[in-house]
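K.L.:
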Amino acid sequence: MKRTVSLFIPCFVDQLLPEVGVDTVKVLRRIGYEVDYPEDQTCCGQPAFNTGYWDEARPCAEHFVQVFKQADVVVCPSGSCVTMVRNFYPDLLAQSTLLGEALALASRTFELSEFLVKVAGVTQVGATFPHAVTYHASCHGLRELKLRDEPLQLLRQVKGLKLIEMARSEECCGFGGTFAIKFGDISAAMGTSKAESVAATGAEFVTAIDPSCLLHLQGILGKRQSSIRTIHLASILAQENRAPAGRVEERP
Amino acid sequence: MTQTAAQRFLQDAAVKSADLMHRDVILFNLKSYDAAHFRGRARIKDWEAARQKCQEIKREAINHLDRYLLQFEEKVVARGGHVFWASTSEEACAYVKNLATRLNVRTVVKSKSMVTEEIHLSPALEKAGIKVWETDLGEFIVQLREEAPYHIVTPAMHLNRGQIAKLFREKLDPKIDSDDPAYLMAVARRVLREAFFAAEMGISGANFLVADAGVIAISTNEGNGRLCTSVPRIHVVVTGIEKVIPRLEDLAVLWPVLATSGTGQGITTYSTLIGGPRQPGEADGPEEFHVVLVDNGRSQLLADAEQREVLHCIRCGACLNTCPVYRHVGGHAYGTTYPGPIGSVLTPHLNGLNEFKHLSYASSLCGACTSVCPVKIDLHHHLLQNRRNATTTGTAPPGERRMFRAWSHAMLHPRIYALGGWLMRKSLRIVYGLGLAGSILDPMRKWNRYRAPVPLPSESFRARWRKDHAAD
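Residue numbers (the working numbering), protein chains in the order written: chain B, 1 to 252; chain W, 1001 to 1472.
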């Protein structure tokens, strides 16, 4: 019997970057999982929580727990939103009747690269992407979820992909949620420094495990009329071998 | 109308973050720090274990502050020293000023101390007609420029040697004709040497107060600390109450960890322990020895169980050096004694949450600070707690809570959320189609001022999923 994973597609991915969700589904199915998408999901509550409005964030978190509490395992293509569930729900829901369920759910919720490498035990997903790519280590994935090597392990197995390391790859891109709006000048200056590090590699693409960083970098690179494109890790992993269908190895 | 601290910060941060020359000087200086810090950490066999040990030492000290401070006081007094407990900065300044006046002090030499910056000691002494010399080279430079330290460890990090040569020419000697660092240092050294021998009082801070030995520990690289504390006839130590540590042997790990985090050194050049005035039979040392223990809001922080560990800070500056916000706005934009992540966490406690809550928001919460802190203070999570406290006990921006309340309600209803998302994309497409991106009609104008507009797909993920699974 195939195992089922439940997809957690963050609100801004749902609305602005749907292809990241579509590609996540493709990758999970290719390595042999059934994918389920609970349609009542909305937002994990992070925007309100990060701005200090914990009372407003709490109902969103409780809603999230209700929607996903039946799931065996939850997979999300965003390190930041997984951080919210795993690292911040315990504080946010400390007084909630759903705390127990939330803690249990937190231990079954994984970022995509984390799920592939650590849970499914797969680094070769049968992807081909013949391009020069540089990797930005998104803060929440790196420092909250401690995912340093997992995304790189996956990228190294992609056929044709040339991975180029950028300087200060672990420095923040400057997004930071409402920080990008409240402190636009600082956020943009940080984004510009990151864009310069990306450009210095000569790569065609910059990738990351957090779509919010990529959304920000896409905006900064776009404003500079740079030819460098942003692409989520899931979208690289979803690129199939050009060989006829069926040739791609599938794991049961 | 006078500007608030928040308005000033926004303005100064905007100027600095656009100043590419400033950024290049900072990045140049931090590049050598990064390399040294990395090498320094590699010298310690198990860096994580060292951090853990330092955290445990400081936690023990802070949790038993009452006991360790009294133990320290007892030892110092037994050697003929004086200990003054100052609950506010005014009390601390008044004590030092009255002492100086009583003992006819005309000139003071200071070694580097952030607590004296925090309580504004130098202006208080100068008001009483006392000449104050900063003797740390970086502090001396910023004193000549009449500005605050840019950084808590390297106060003149924002200047290059050309700027320093120009400053010395204007303030010290018009004949200065070189920007060679060794030459400039010799100029400062000559000036300061005279100050050391003229001064009746030396003021220092303390990196640690060692309870069981009853001594203060000072780490310096220029030797100025030793001159300040041994040449003048009076030595005054001004320090925060949180600097106490239980045992002398704790320095075995704290000294190398402080040096590694601060500058990448294995150990700081001069590590000095002082426990009182000159004792009978001793050849040198001051006649009088005073320790001013400054509270200034620290007890209140001690009472806050959630953030008490902020008092663990050993002021190494590592969080400033790694912080991408600090790297872009620089130390002065913060407008506080302690800039960078530790300053953003601490200042609301020392100077008021309402006036300084903006600093807790001026962070992308990237967590780089927490990852380098040698005493493992959970800095970026304390910023989140400050933000929460600001919305519940402070004055939030008007309408913000109402907006988040409405948003929260929408998120409990998937259909409203989906409809809202669709409407947003649709209306933005119309606005951008009319070429109005960035105009007053564009709700995303604050984003678009610095960035290209976000992509606006015609279908959301959920719509595509529903379509693909319609037959299920």
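Where a beta carbon is used, it is the ideal one built from N, C-alpha and C, also for glycine.
All values derive from a computational prediction rather than experimental measurement.
(1) Of all Cβ atoms in chain W, is any one closer than 7 Å to the Cβ of C60(B)?
(2) Apply the 10 Å Cβ neighbour rule to G253(B) and answer buried if 16 or more other Cβ atoms are within range, or exposed otherwise.
(3) Compare the Cα-Cα distances from I1152(W) to each of V1142(W), E1146(W) and R1169(W) and report the closest residue.
(4) Is it buried or exposed for D1136(W), if we count other Cβ within 10 angstroms and need 16 for buried?
(5) With distances taken from CA atoms, which of V1108(W), Q1385(W) and I1130(W) is nearest Q1307(W)?
(6) In the DSSP assignment, what residue or residues form a beta bridge with R229(B)?
(7) Determine which residues of the segment 1360 to 1384 of chain W have a Cβ less than 9 Å from any Cβ of chain B, and write them out in chain order.
(8) Is the Cβ of I186(B) closer than 7 Å to any Cβ of chain W?
(9) When the distance is taken between beta carbons, is V1244(W) closer than 7 Å to A1061(W)?
(10) For the segment 1306 to 1335 of chain W, enumerate the residues whose C-beta is nearer than 7 Å to any C-beta of chain B, in chain order.
(11) Does D55(B) come out as helix, strand or coil in the three-state DSSP assignment?
(12) Examine chain W for any beta-carbon lying closer than 7 Å to the beta-carbon of M190(B), and answer yes or no.
(13) Within the continuous alpha helix (DSSP H) that includes G79(B), where are the two ends?
(14) If you draw a straight line from the C-alpha of A1213(W) to the C-alpha of F1072(W), how long is it?
(15) Near G1340(W), what residues of its chain come up, given a Cβ to Cβ distance below 6 Å and the 5 sequence neighbours on each side ignored?
(16) Starting from F1028(W), follow the alpha helix (DSSP H) in both directions and report where the run begins and ends.
(17) What does the alpha-carbon distance come out to for the pair E250(B) and V125(B)?
(18) Counting Cβ pairs closer than 8 Å, one from the segment 7 to 16 of chain B and one from the segment 78 to 91 of chain B, do we hit at least three?
(19) Please specify which runs of the alpha helix (DSSP H), each continuous and at least 4 residues long, are wholly inside the segment 1261 to 1304 of chain W, giving them in chain order.
(20) Can you check whether the C-beta of A208(B) is within less than 7 Å of a C-beta belonging to chain W?
(21) What residues of chain W sit near P18(B), judged by a beta carbon separation below 7 Å?
(22) Three Cβ pairs or more, each shorter than 8 Å: is that satisfied between the segment 1125 to 1132 of chain W and the segment 1090 to 1101 of chain W?
(23) Relative to the C-alpha of P1457(W), which candidate in T4(B), R3(B) and D14(B) has its C-alpha closest?
(24) Just the C-alpha distance for S1017(W) and Q1011(W), rounded to the nearest angstrom, thanks.
(25) Please state whether DSSP places S96(B) in a helix, a strand or coil.
(26) Just checking, does the segment 87 to 106 of chain B make contact with the segment 204 to 215 of chain B on the three C-beta pairs under 8 Å criterion?
(27) If we ignore side chains and look at the alpha-carbon of each, how far apart do A1252(W) and K223(B) end up?
(28) Out of curiosity, what's the CA-to-CA distance linking C1366(W) and V1431(W)?
(29) Keeping to the same chain, check which residues put their C-beta closer than 8 Å to that of I231(B); ignore five residues upstream and five downstream.
(30) When you compare only the Cα positions, how much space is there between A245(B) and A71(B)?
(31) What does S1439(W) pair with, by DSSP beta-bridge criteria?
(32) Keeping to the same chain, check which residues put their C-beta closer than 6 Å to that of R1402(W); ignore five residues upstream and five downstream.
(33) Is the distance from the Cβ of S113(B) to the Cβ of E170(B) below 7 Å?
(34) Please classify I1152(W): does DSSP put it in a helix, a strand, or coil?
(35) Measuring CB to CB, does I186(B) end up less than 7 Å from A1013(W)?
(36) Taking the runs of the alpha helix (DSSP H) that are 4 residues or longer, which of them lie wholly in the segment 1182 to 1256 of chain W?
P.N.:
Working from what's here:
(1) The count along the first sequence starts at 1 and reaches residue 60(B) at position 60. Cβ-Cβ to chain W under 7 Å: yes for C60(B).
(2) Given a span of 1 to 252 for chain B in the structure shown, any question on residue 253(B) remains unanswerable.
(3) Position 152 of the second sequence, counting from 1, holds the residue named residue 1152(W). Out of V1142(W), E1146(W) and R1169(W), V1142(W) has the C-alpha closest to the C-alpha of I1152(W).
(4) Against the second sequence, residue 1136(W) aligns to sequence position 136. Classification for D1136(W): buried.
(5) Here residue 1307(W) refers to the residue found at position 307 of the second sequence. It is Q1385(W).
(6) If you number the first sequence from 1, residue 229(B) lands on position 229. According to DSSP, which records beta bridges pairwise, R229(B) is partnered with F205(B).
(7) S1360, Y1361, A1362, S1363, S1364, L1365, C1366, G1367, A1368, T1370, S1371, H1380, H1381 and L1384
(8) Within the first sequence, the letter at position 186 stands for residue 186(B). Output row for I186(B): interface = yes.
(9) Residue mapping note: residue 1061(W) aligns to position 61 of the second sequence, counting from 1. Residue mapping note: residue 1244(W) aligns to position 244 of the second sequence, counting from 1. Between A1061(W) and V1244(W), the C-beta spacing is below 7 Å.
(10) P1324, V1325, H1328 and V1329
(11) In the first sequence, residue 55(B) corresponds to position 55, counting from 1. Correct three-state label for D55(B): helix.
(12) For this step, residue 190(B) is matched to residue 190 along the first sequence. It does; some Cβ of chain W falls within 7 Å.
(13) Looking up residue 79(B) in the first sequence gives position 79. Looking at the DSSP string, the run of the alpha helix (DSSP H) that includes G79(B) is G79 to T83.
(14) For the purposes of this step, residue 1213(W) is taken as residue 213 along the second sequence, with counting starting at 1. For the purposes of this step, residue 1072(W) is taken as residue 72 along the second sequence, with counting starting at 1. Between A1213(W) and F1072(W), the C-alpha separation is close to 7 Å.
(15) By one-based count along the second sequence, residue 1340(W) stands at place 340. Result list for G1340(W): C1319, L1320, C1323 and Y1326, in chain order.
(16) In the second sequence, residue 1028(W) corresponds to position 28, counting from 1. Unbroken alpha helix (DSSP H) run through F1028(W): L1020 to R1043.
(17) The residue given as residue 250(B) occupies position 250 in the first sequence. The residue given as residue 125(B) occupies position 125 in the first sequence. Confidence at E250(B) is low in this model, with a pLDDT of 37, below 50, so its placement is unreliable and no value can be given for it.
(18) yes
(19) Within the segment 1261 to 1304 of chain W, the complete alpha helix (DSSP H) runs of at least 4 residues are 1298 to 1302.
(20) As a working note, residue 208(B) is residue 208 in the first sequence. Chain W contact via Cβ: absent.
(21) Counting from one through the first sequence, the residue named residue 18(B) turns up at place 18. Residues of chain W passing the Cβ test: P1457, E1459, S1460, F1461 and R1464.
(22) As far as the Cβ criterion goes, the segment 1125 to 1132 of chain W touches the segment 1090 to 1101 of chain W, which means the pair count is three or higher.
(23) Start at 1 with the first residue of the second sequence, and residue 1457(W) comes out as number 457. Taking only the C-alpha atoms, the option nearest P1457(W) is D14(B).
(24) One-based indexing of the second sequence puts residue 1017(W) at position 17. One-based indexing of the second sequence puts residue 1011(W) at position 11. Distance between the alpha carbons of S1017(W) and Q1011(W) is about 10 Å.
(25) Working through the first sequence from its first residue, we reach residue 96(B) at position 96. Looking at S96(B) - three-state DSSP - the assignment turns out to be coil, as it is neither helix nor strand.
(26) no
(27) Numbered from 1 along the second sequence, position 252 holds the residue referred to as residue 1252(W). Numbered from 1 along the first sequence, position 223 holds the residue referred to as residue 223(B). C-alpha separation (whole angstroms): 52 Å.
(28) Residue numbering aside, residue 1366(W) sits at position 366 when the second sequence is read from its first letter. Residue numbering aside, residue 1431(W) sits at position 431 when the second sequence is read from its first letter. Distance between the alpha carbons of C1366(W) and V1431(W) is about 33 Å.
(29) Within the first sequence, residue 231(B) is the residue found at index 231, counting from 1. Excluding positions up to five away in sequence, the list reads V133, F205, V206, T207 and L214.
(30) Locating residue 245(B) in the first sequence gives position 245, counting from the first residue. Locating residue 71(B) in the first sequence gives position 71, counting from the first residue. Model confidence at A245(B) stands at a pLDDT of 42, short of 50, so the residue's coordinates are unreliable and nothing is read from them.
(31) By 1-based counting over the second sequence, the position of residue 1439(W) is 439. Bridge partners of S1439(W): none, in fact.
(32) As a working mapping, residue 1402(W) is identified with position 402 in the second sequence. Excluding sequence neighbours, R1402(W) sits near nothing in its chain.
(33) Taking the first sequence and counting its residues from 1, the one referred to as residue 113(B) is at position 113. Taking the first sequence and counting its residues from 1, the one referred to as residue 170(B) is at position 170. Against a cut-off of 7 Å, the Cβ pair of E170(B) and S113(B) comes out as no contact.
(34) Taking the first residue of the second sequence as 1, we reach residue 1152(W) at position 152. Coil.
(35) As a working mapping, residue 186(B) is identified with position 186 in the first sequence. As a working mapping, residue 1013(W) is identified with position 13 in the second sequence. Yes, the pair counts as a contact, with Cβ atoms nearer than the cut-off.
(36) 1224 to 1230
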